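Read the structure below first, then the notes.
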Amino acid sequence: MTVALAMGLVMGVCGTLGNALVQAAANPTHLGRVTSVVMPTAVGPTPLSHPA
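Residue numbers (the working numbering): 681 to 732.
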């Protein structure tokens with residue numbers, strides 16, 4: 681249980697930092713487009729990683 685909690689916290693921090701870095705590097709005029717491509721690629725595979 682402790683390992684799962686630690687992994688969840690680390691993954692949350694890494695996801696937040698990764699998103700912030702992508703948004704900081706993107707051209708402000710293309711920020712919406714960049715975000716619309718990054719989010720599905722980051723969140724989209726989640727159902728595949730949790731088999732039933």
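Positions of the beta carbon are idealized from the N, C-alpha and C atoms, including for glycine.
Here the structure is a predicted model, which is why all the values come from computation and not from measurement.
Span of the alpha helix (DSSP H) around residue i
| i | result |
| --- | --- |
| A722 | L711 to V723 |
Backbone secondary structure at residue i - three-state DSSP
| i | result |
| --- | --- |
| N707 | coil |
| P731 | coil |
| M681 | coil |
Sequence-distant residues of its chain with Cβ nearer than 7 Å to residue i (five each side left out)
| i | result |
| --- | --- |
| P725 | none |
Separation of residue j from residue i, as counted between CA atoms
| i | j | result |
| --- | --- | --- |
| P720 | T696 | 15 Å |
| V717 | M681 | 33 Å |
Other residues of its chain near residue i: CB distance less than 8 Å, five sequence neighbours each side excluded
| i | result |
| --- | --- |
| A722 | G695, G698 and N699 |
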